[in-house]
Structures are given as structure tokens and as C-alpha cells.
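The sequence shown lines up with residues 119 to 488 when you count with the working numbering.
C-beta: ideal position from N, C-alpha, C; glycine also.
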Amino acid sequence: MVEAITRPTRLEVSKSAVEHNIMTVKNVSGADKVFLTVKSNAYGFGLIPMAQAAVAGGIYGLGVAVLDEAIALRHERITAPILILGISQVKYVELMAVQHIMATVVSLDWLEKAEQQLTGEQRLPITLGIDTGMGRIGFRDRDTLAKAIQFVLDHADKFEYVGLSTHFAESDSSDTRYFQKQLTRWHQLTDDLPKPKYYHVANSGAAMYHAEEVPHEVVRVGTVVYGIEPSRGELADGRNLKPVMALRSEVNFVKRLPAGEGISYSHKYTTTQNEWIGTVPIGYGDGWLRKLMGFRVIIDGQYAPIVGQVAMDQLMIRLPREYPEGKTVTFIGQDGDLENTIEDVAQFAGLAPWEITTGLQDRIHRILVD
């Protein structure tokens, strides 16, 4: 998708907020090395700007879902360690080795095929993924895991044994029974096996609420660095985090309509009196969902509701008074004494916060701010 840099709609990523949240993770978890997951366009915040802010803010490494994301980071001269969290096709092992990108490996068969394709000029960094109860990918049998580790060690000219990892299905709830079950499985599968450089299990929830129970020298987090409280208020209020994202645009057309005028498709909103209506260049084509009709944006430190159906590229708001074209409109972020958080948007839409942010399309121009 083409990035729209010629219109005023933009997503701002705060470098100072990212740095603050990274330090918060380190202080709470006691972690020496923090990997930030920047998959899916950095949860919608923007892969490159978010990675740049994170590296500048003290992050140690980055996690991605697919090789393409890792290559994009390397093309931007980001030299931090990069871990691919998903399964990569074996035919790309030489590329990963040359770019020094860590592969998550979940089967001995994959390793055997990869060994045949690697030239040995550059070693491929290997993290072995373990399924302790997520039910997604990973080794589930200790003997098979031990054989995989030994295979990597026996082929040290081709592989570099750098990581063991798992992922918690639930680590941000007051009900810790399944978390404890997974932690027990982790120990059953890995205790007394050769330990690599990165021995990591803690996601955002485990890092923030279970640091004393899990290996925490290396943690692999996501939402918490983005300023989203992992438990959504169940275990913490999130006041120790700073919001990273602001989504803003501008009014680009203003008109006064009399009572009885319909707004947008199907006239789901009709003016009840003389009303100032502003048009803003953002819509569901940008990921601002149609179900957000009625949500209150902020203009000039005052709330203004979205009226009428959200169109693909534009929407309308009811202004508290006449404003000139070019007046800033805040969808997510602070303006004066008012603030719309990602959680506010998510609750209005009935979705999780990361469903909102990952839905924000590439067409929105993303920029770094202090």
C-alpha cells in the first residue's frame, strides 16, 4: 500500500515514551537483555520507526514473525540481534545466516535439511522453540529436544546454538493455574540440558508479573513497551507506562448545516439543529473501523463525536464551534486536558487493543517524535 505523506493524517511514535517503557520493563523484571517484538508492522505502530526508537531507547534485540520483516530491518542498517518467532522455510537458511538472523526451529527434520544447505561460511543462529501449552509450534518431547540440541552442537561449523524459548498462553491473569502448568512443563523439558546464550520464556505478562518465577535475564516482550498494560487493568493500572502512539489528522473542510440534514452513507446521523460539521481525511481504508462511529475525538482540547458512517477515506465530526481548515484532530493521544488511549478505542469497538493497532494500515504516515 502507498504511504500517504501528502495528507495531514499521521501516526506519531514517541521516542521518550519507548525509552521509558523499556526502562520500566528492565526495572520490574530485572532483565539484562530485552527483546522487543516488532512483528506485524510493530503491532501497527510502524516497523522501522518503532525499531529505531526501541534501539535508541536501550532495547537489546528485536523479534519478528517472518524473515521479510527481519530483512527490512537489516536494510535499514539495524544491527541489533533479530529473532524470527515463526517457522522459516529451509530454502532461506543461507540468507538468514549471512544476515545473522536467528531462526526459531521446532523440529529435528528442519535442522537436518538446513545442515545440507548451509555452506558453513556463516553460521546460522538457532533458537529452539518449545511448546509448553500454547499448542502452536515447538518441541513437546524432552528426548527429541535433547537430540536437536546435540545435532546443533555437533554441527557447530554450520549452526550457532543461541536460544531456548517458549510462549505462555496466559501470563497476565489473576488465575495462574495454566501459567504454572506451562512453567512446570518448561522445567521438565529443559532442566539440565545445555543452556544457550538466550534462555527466554517471559513475554510481557510474565516479565511484569512473574519475574521471580521465570528465567528473566532475557525477556521477550511486546505490548508493555508499546504502552499497553498487559492485563488490561486486572493486575496493574498501567500508570508506570507511557503511551507511545498518537494518531492525529486535521479538519480539511468545515460547513454549517441546518437541522434535518443527513450525514454520510445511509444517513445514520441527522443534524438536530444548526451544527458545524468538519471533514477529516481518515477512514476505514486506514483501519479506523466503521464501528467507531460515535467515538469522540479531540479538537482544541474538547471532545467532538464522529457523526455518520465512517467512509473509506474520510469521516465527519460534529464540531463544538467553527474552526478553520487545518485544525488538528486527535484520535489517539492527548490534547489539552483530554486524552484518548488505545484502550479507550478498543473498549468502544469491543476489541483488544492490539486488534485496533495492527489494523492501522500502511497508508497512514508514521513519524518519530520526541
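Can you give the Cα-Cα distance for residue i and residue j, rounded to whole angstroms?
i: Gly164; j: Gly176; result: 18 angstroms
i: Thr124; j: Gln479; result: 16 angstroms
i: Ala320; j: Thr308; result: 15 angstroms
i: Pro399; j: Trp406; result: 11 angstroms
i: Pro243; j: Ala190; result: 18 angstroms
i: Ala183; j: Gly204; result: 5 angstroms
i: Pro442; j: Pro376; result: 19 angstroms
i: Leu540; j: Leu180; result: Missing from the structure shown is residue 540; the chain here goes from 119 to 488 and no further.
i: Ala287; j: Ser384; result: 42 angstroms
i: Leu365; j: Leu282; result: 37 angstroms
i: Glu233; j: Asp275; result: 10 angstroms
i: Asn358; j: Asp227; result: 45 angstroms
i: Glu230; j: Phe277; result: 11 angstroms
To which residues of the same chain is residue i closer than 6 angstroms at the C-beta, ignoring the five residues directly before and after it?
i: Gly256; result: Val224, Gly247, Ile248 and Asp249
i: Arg350; result: none
i: Thr341; result: Ser322 and Pro348
i: His334; result: Ser147, Gly148, Ala149 and Ala320
i: Leu437; result: Trp394, Gly396 and Ala422
i: Gly356; result: Glu347
i: Gly162; result: Thr475, Thr476 and Leu478
Among the candidates the options, whose CA atom is the shortest distance from the CA of residue i?
i: Thr302; options: Glu331, Asp431, Asn145 and Leu203; result: Glu331
i: Ala354; options: Tyr327, Asn159 and Gly162; result: Tyr327
i: Asn139; options: Val343, Val270, Met119 and Asp272; result: Val343
i: His285; options: Leu311, Tyr317, Ala264 and Asp261; result: Tyr317
i: Glu440; options: Val372, Gln240 and Gln300; result: Val372
Apart from the five residues on each side of it in sequence, which residues of its chain come closer than 7 angstroms, Cβ to Cβ, to residue i?
i: Ile474; result: Ile460, Val463, Ala464 and Ala467
i: Val173; result: Ile196 and Ala198
i: Thr237; result: Glu212
i: Met119; result: Gln479, Asp480 and Arg481
i: Arg408; result: Tyr402, Gln427 and Val428
Can you tell me whether residue i is buried or exposed, with buried defined as 16 or more other CB within 10 angstroms of its CB?
i: Ser367; result: buried
i: Asn159; result: buried
i: Arg254; result: exposed
Kindly list the residues whose CB is nearer than 8 angstroms to the CB of residue i, restricted to its own chain and excluding five residues on each side of it in sequence; keep chain order.
i: Lys445; result: Glu368, Val369, Gly396, Ile417 and Asp418
Worksheet item: Curious, which full-length alpha helix (DSSP H) runs of at least 4 residues does the stretch 178-215 contain?
Response: 185-193
Worksheet entry | Contiguous beta strand (DSSP E) assignments of at least 3 residues, all confined to the stretch 315-403 | 316-318, 336-339, 363-368, 371-375 and 393-398
Discussion item. List, from N- to C-terminal side, the alpha helix (DSSP H) runs of 4 residues or more that fit wholly inside the stretch 212-263.
Written reply: 226-235
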